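Asks:
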Amino acid sequence: MSAIITATALEDTQVKRNPGVMRLCAMAAAAVAVGLTVNMSVTSNGLMSLLTQATIYAVFALGLGFLLKQNGMVSFGHALFFGMAGYLVGAAVTLTGWPVGMVVVLTVAAIGMFAFGLALVIVRVPGIAFGMLTLAIGQSFYVLVSKSRGFTGGADGMNINFPAQVFGMELASFQNPSSMFLICWLVLVALVLLLALLLRTGFGPLTEAIRENEERARFIGFRTLLPRAAVFAVSAMVTAVGGVLSALYTGFVSPESLHWSVSGTVLIMVVLGGSRTLWGPAVGAVVYYLFRDFVGEHTTHWMSIFGVSLIAVIVLWPAGIAGGVMRAATSLQRAAARRLA
Amino acid sequence: MTRLLKFEAVNAYYGRAHVLHDVSLHVEAGERVALVGRNGVGKTTVVNTILNLASLRGGTMQFNGRAQQGLRTYTAARAGIAVVPQGRRIIANLTIEENLLLGGAVKRPGPWNLASIYELFPILRERAHTPGTALSGGQQQMLAIGRAMMANPSLLVLDEPSEGLAPVIVDQLAVIFNRLADAGTALLLIEQNLSLITRVARRLYVMAKGSIIEEGALEGLDIEQLHKHIVV
Amino acid sequence: MIAIQILNGLVYGSLLMIVASGLVLIYGLRRVVNFAHGSLFMLGAYIAYAASLQFGFGGGLLAAVAALAAVGFCLDRFGFRLLQDRDPLTVMLVTFGLLLVFEDVVQSIWGKQSYSLAAPEALQGTVDLFGSPFPVYRLAIVAVGALVAACLVGWLRYSRIGLFIRGASTDPVTTAMQGVNTDRLSGGVVAVGAALAGLAGVVSGPFLSLSPTMGSDILIDSFVVVVIGGLGSFAGAFVAAMILGQVQALGAVYLPDLAALLPFALMTAVLIWRPSGLSGSRV
Amino acid sequence: MSANYALEARDLSVRYGGVTANDGVSMHLAQGEIRGLIGPNGAGKSTFIDALSGRRAIAAGSVHLAGSDITALGVVERRLLGLSRSFQRTSIFPGMRIGVQMELAASKIPDADPDEVMRELGLDRLAGRVADEISYGDQRRLDIALALVGRPSVLLLDEPMAGLSVEESMKLARHLRNLARNWGVSVLLVEHDMEVVFGISDSITVLETGKLLAEGTPDEVRAHPKVREAYLGSAA
Amino acid sequence: QAKEPVRIGIVNSQSGGFTAQGEDSLRGMQFAVDEANAAGGAAGRPVEVQIGDDESTPEAGRRVAEKFARSGYNLLVGPIASSISLALGQNLQRWDALYVSTLSKSDRITGDACNARMFQANHSDAMDLAIVQPWLKENAKEKRFAILANDYVWGRDSAESFTKAVQKLGKEVDVTLYAPTGTKDFAPYIAQLKNSGAEAVWVALVGRDLIAFAKQAAEFGLTTSKRIIGHAYIMNFVVKATEGATDGVWGVMNYAPEIDTPKNKAYVAAWRKKFGRDPNENEVAGYNGIQVILQGVAKADSVKPTAVAAALKGATLETVWGQATMRAEDHQLVKPNYFGRVKRVGGELRPVIETAFDASIVAATPSNCKL
Ligand SMILES: Nc1ncnc2c1ncn2[C@@H]1O[C@H](COP(=O)(O)OP(=O)(O)OP(=O)(O)O)[C@@H](O)[C@H]1O
Ligand SMILES: Nc1ncnc2c1ncn2[C@@H]1O[C@H](COP(=O)(O)OP(=O)(O)OP(=O)(O)O)[C@@H](O)[C@H]1O
Ligand SMILES: [Mg+2]
Ligand SMILES: [Mg+2]
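Residue numbers (our numbering), protein chains in the order written: chain A, 1 to 341; chain B, 342 to 573; chain C, 574 to 856; chain D, 857 to 1092; chain E, 1093 to 1463.
1) Beta-carbon separation of A61(A) and A285(A) under 8 Å?
2) Under 8 Å, Cβ to Cβ, is there at least one residue of chain C near F306(A)?
3) Residues of the stretch 441-475 of chain B with a CB closer than 7 Å to any CB of chain C: list them in chain order, please.
4) Among the candidates K1462(E), S1175(E), L1425(E) and S1196(E), whose CA atom is the shortest distance from the CA of W1413(E)?
5) Where does N878(D) sit, in a helix, a strand or coil, going by DSSP?
6) Let me confirm a value: S991(D) is counted as buried when at least 16 other C-beta atoms fall within 10 Å, else exposed. Which label applies?
7) Any idea what DSSP makes of K1365(E), helix, strand or coil?
8) For a contact meaning CB atoms closer than 7 Å, what does N754(C) contact in chain B?
9) Tell whether a beta-carbon distance below 8 Å holds between A1296(E) and A1337(E).
10) Listing by chain order, which chain C residues have their CB less than 7 Å from the CB of A1333(E)?
11) Hey, would you say the C-beta of S991(D) is under 7 Å away from at least one heavy atom of ligand 2?
12) Quick check on N159(A): does DSSP put it in helix, strand or coil?
13) Compare the C-beta of E1115(E) with all C-beta atoms of chain C and state if any pair is closer than 8 Å.
14) Cβ atoms of L596(C) and S795(C): under 8 Å apart, would you say?
15) According to DSSP, is R1319(E) helix, strand or coil?
16) Could you check whether the Cβ of I1382(E) sits closer than 8 Å to any Cβ belonging to chain C?
17) State the beta-bridge partners of Q1424(E) as determined by DSSP.
18) Flag this pair as yes or no: are the beta carbons of K1235(E) and K1256(E) separated by less than 8 Å?
19) Might you give, ordered along the chain, the residues of its own chain that have their beta carbon closer than 8 Å to the beta carbon of V511(B), omitting 5 neighbours on each side?
20) E555(B) by DSSP, collapsed to three states: which one?
21) Would you kindly report the start and end of the unbroken alpha helix (DSSP H) that includes G760(C)?
22) Identify each residue in the stretch 1131-1144 of chain E for which the Cβ-Cβ distance to at least one residue of chain A is less than 7 Å, and report them in chain order.
23) What residue range is occupied by the uninterrupted beta strand (DSSP E) comprising T401(B)?
24) Any Cβ of chain H within less than 8 Å of the Cβ of A92(A)?
25) To the nearest angstrom, how far is it from the Cα of G421(B) to the Cα of G993(D)?
26) Return the chain-ordered list of same chain residues with a C-beta closer than 6 Å to the C-beta of A899(D), the five sequence neighbours on each side being excluded.
27) Under 5 Å from any heavy atom of ligand 1, by CB: list those residues in chain order, please.
28) Please name the residue in R1084(D), A1079(D), A987(D) and I1056(D) whose C-alpha comes closest to that of G1104(D).
29) When you compare only the Cα positions, how much space is there between S858(D) and P472(B)?
30) So, is the C-beta of Q697(C) closer than 8 Å to a C-beta in chain B?
31) Decide if I220(A) is buried, meaning its Cβ has at least 16 other Cβ atoms within 10 Å, or exposed.
32) What residues are listed by DSSP as bridge partners for M883(D)?
33) Beta-carbon of P950(D) versus every beta-carbon of chain B: anything under 8 Å?
34) Using a Cβ-Cβ cutoff of 7 Å, what residues of the stretch 1237-1255 of chain E are near chain C? List them in chain order.
35) I'd like the list of long-range same chain contacts for L1221(E), defined as Cβ closer than 6 Å, with 5 residues on each side in sequence excluded.
36) So what's T1398(E) in DSSP terms, helix, strand or just coil?
Printed below as a string of structure tokens:
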């Protein structure tokens, strides 16, 4: 009897944690449909370009949120991977003339490797000090790139002249807001799906356990360094994809994209959206962009208004927007169940 | 006789979890009361309610005959209730001596001070200037008891004080608790160690599933009989 | 020359130390990484500027410190206290929101241009040190820094309140269980922390300039100091501030190409060597 | 020296700065043996377990598991070789559901059955709860359960009964005995509950200030005057 | 039938590092817009503006500019940082927009990053540096110089150009120091400068750093012991923010209210009437930027960016500096430049022109732009 209870309880928790593959795919399909609808119903060019950039940052936020969720670590230096992706793509396109597709894949892989190596050294640093360490590393690169001369353009930034064909498509489709929005949206959905699938494997509970109590994780037989570094690397790679998208869309990359304040802003998006779910940070990014633009348009005191709203949201919704949505959804479900019963 | 502590139909919660259901109990000045029950029945929650660490959302709680409203964690100590918490809660970055001094934060007059605590637990004097967490588990328990006694409380709440202590030390504790009680300090003793209970307590509450299911005198009960009471 | 450079490092180190010690106080008691600390620094400078037009530098200093203490108290009473059960990241972002608000307020009142706060008459000249003139005011900064350090250490180490603060900074709940009113305590401590930020702002006024971005400029340096020192440790922060001051002064001369990277390199090196900072534990 | 001890410590010394917490302690566990390890508070029992499990570096001596020297191995390797432990200060995964953390603990070990362990320790009804919302005693049991998963060959338990109610500790004692008798698990049991220690141990080692004070069968130890004086008191 | 209004998108630095200049230049721009509308519009067209915050970063600047351009405000103007200008330049074609740079100084705007839709209405770095050598030749008795510059592209370029100019005159540079951007305490650098054998110091620091340096240089007595010559140093906002610390400093100046042209006289008079003081160099830069756009619109009699660009190319424009040409091959507005010093005039400390250099000298700089 109690075995049955245990079994169902376990199943229950697993279902809650990792929805079945089918359900994930269905949700992804729904998300794609949402993207298509948005793309068709938004006619304003200005709004479309805003949404495109929001989606690019949603990818960035997804990466940073993944680190926070699975490692419990805050990075103030993730802009490093975002900006570095742009510079690497730009440099490779300018210097080598390799096909852009290959350059992008190599860039993301290289950043993953770099982040993995870096993580092996730095993940031992606990808590907020880790955040400051990533800040220091990120800022060092910021300083280096700003000082550099030659084709990176130093503080003025670098123009990237992509060839006319990228991934077998016209360059223009990457630089026109409406088509680029779709591309970014698809990438975002695909990445969320991939990460969700990754967490369904043993990797999910393992990294969570390490986040909760690293020492005990070792005493139940798990080496903890590699998984933590792996989370960091995955997070950096997702962020790098965001950087690549940004470079494709704007054809420009500047040292400011490496600056810690960019990481800080994205961290706001992550917390705003809620870091307990994978998709929360992405929602946070979109909300941040729309709100910031709306406020900026109507007053010069956007800083105050934004600051106050940020505080209000954080105080009222401890688990972020996603947390609020989830809570609303469960209470709706309960209400429906009650009515049925 | 003053009622140092009185729960009347207390309902307490952690967030939305309802843990104490209509709990009523009281401790008079100078009394020696035990509170027993299996794991997870809510004994610590009684302490946490006193300390405002669980939220009181029904019923009343009185310290020294005064109903408590707008309770804060520090209220209990100021009303003369000192707590030896479960898990000890020794403050890591303070030395042993400083942990003890912190226990005397509310300056109440009475026999207990650094010197008398050191006399009771000589190991604490030996290590007075090392960090509190560099002690063994049992030594930390002594420190926690010493810290609570520094407040010269009129009621000492002990949440499983014998946990992790060597039998000789438990013997000592029994003597110490009795001495404290003889000097007028009331005791609320939450324990699993029945021999300690029989040696110290005079009255007993038994808890199950968040409620008090039995109350009675302990006088004359031996361990076996007590055990039967608890297991019901 | 080298003696002068060491002295220069000492000056900047002292300034950093004052800012950082406020940061450490607030972190220690509320576990809050206060991003608004830089804007408190700025606010102090501006308030001193406004008051000094009427009452001179001394008046400005007093006004700023008092005003900032009040701001700090409110910050704790209506902010940190209500958020004490929240995860530190959340509270950190709240302070980030406050930073935006403070900057906007300062810009609305004083505009966006830079101002200059004059040093008090008595400290204006120079004295000859090691054969070259050295501004008296800078020596005064070192003195203020030393005074602040001595007072803080004395207060925290040897006073009853100091004991409570150290207790509460590791385990507020247990400290409160002993009868310490931790709410009032942290109100006071955050007030002192904010006042120190304000003091640093005023002190820096005569040799930096007052601008709406002055806060974020100093914030990173103070974070570096606090983290190198080992979060929450005063002794660590003092030492780290002095080291950073020296590294910047001497780095500017002997490693000019790397000067910009030195603080970050220092922090990275220290943390990799000792992941929890110079002082493994807190004072 | 017999090579066939399940676990053997030879002349183990551990220091914390100036404090020598273990001073040349030797001890062995036969297969299926339950050995009680007792001693006054601060005697060095937890330190000894820390040293055996690889949590703390040792200053001198060596540790052998089933005859092979594991002194140089890390925590993870030792656990994978079958040396498992619990903690005096509860060490669990606070934010995770009990069922999930037990499954995880089982996943590294072939044929482990987490459900059975949970059932034995009465945790099955809590499987869906998050660990930091269960009572202290339940958390203590979870700590032990995490160590028991996969039936390790050697089990180091640091005061497993502390914080457990009489019922629960009796249940746990029965379970330990079952593990030792029927499955050949060797147990090193640090415990201050003399009823349990004398009730289920095959042999007992007494430490005092880091050194071996006495060793023998429960009856021998109980009769040892120094042990009575330094440790047992009225429990003798 | 009313003509289509001129829609201008002002990308303004309202937060971040360039807020002070942003506020000034916006004031100048708004003045120009009001002036035009009061006079019945630009060639009969009302002028409408939208203003957005670029947060002093290329990212945000691009976002705001793209939104403006895509919603019809496609005549862009405003950012301070060169990186923002260059980021905009890259996208003008795509957004069907035109951009007039008003305060960015990077040579790349009219150099390798030049394009058909981007115009430089202010003095580029090359134009500033072009007058250094002639000025040194006539006015500097000093033989040995020191340099203090910010450690990034602009500072290094400035330092190298200055070194060349000095060496061409057979003089020498003793020490060159580079301070990281964001340096707050310049004492270590000042100590080195004082210890060097140089008689004068060339300073190329950006806004915030510059203000800190100016104050500290005075504090240590560097200003009185050596002549200080600045690249972008003697500007009103620096003088105002440093309370006397800049007294006697020399440097390149792009503008002063006393410039003797009819247009400038009228402009300064109107400005005084409105604000009760003289305009400063940032305000005039903003004013001039809007004027360039409006004159382009008038010449093209169209608000289409392509048409306006075509009309501006090679055009002769009326500016406060007199008649100036928008050079056809790189879209640089060619105008006179000045050397001056900070002086007390009527009790007030401000930069005053000492030597004026004709546009022909200024413009004698090669550009690698091919338009
Ligand atoms: N981290 C530490 N730093 C310094 N000394 C320590 C540390 N941990 C323990 N000690 C000291 O080492 C000695 C042995 O401690 P240990 O925890 O092993 O004792 P124990 O036998 O387990 O006691 P208990 O039964 O009370 O748990 C004690 O004197 C203790 O004070
Ligand atoms: N923070 C919490 N949030 C939610 N529920 C909690 C929390 N802490 C305890 N509980 C629940 O409250 C009930 C009572 O717990 P409590 O700690 O009071 O038990 P106890 O009687 O002290 O047990 P033990 O003997 O194990 O210490 C338990 O069922 C537990 O699951
Ligand atoms: Mg309990
Ligand atoms: Mg122990």
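Cβ coordinates follow ideal geometry from the N, Cα and C atoms, glycine included.
Note that this is a predicted model, so its numbers are computed, not measured.
Replies: In short, the structure shows the following:
1) yes
2) yes
3) L442, L443, G444, A446 and V447
4) L1425(E)
5) strand
6) buried
7) helix
8) Y415
9) no
10) Q686, S687, Y688, S689 and S782
11) yes
12) strand
13) yes
14) yes
15) strand
16) no
17) Q1212(E)
18) no
19) S503, N534, S536 and L537
20) strand
21) T755 to S777
22) G1144
23) S396 to F404
24) Absence of chain H from the displayed structure is noted, the protein chains being A, B, C, D and E.
25) 28 Å
26) L1063 and E1064
27) A475(B), L476(B), S477(B), G478(B), G479(B), Y872(D), V875(D), A877(D), N897(D), G898(D), A899(D), G900(D), K901(D), S902(D) and T903(D)
28) What the structure shows of chain D is the stretch from 857 to 1092, and residue 1104(D) is not part of that stretch, so it cannot be assessed.
29) Confidence in S858(D) is poor, its pLDDT being 48 and thus under 50, which makes the residue's placement unreliable; the coordinate value appears in the next sentence. Their backbone Cα atoms lie some 42 Å apart in a straight line.
30) no
31) buried
32) A865(D)
33) no
34) D1243
35) S1253
36) helix
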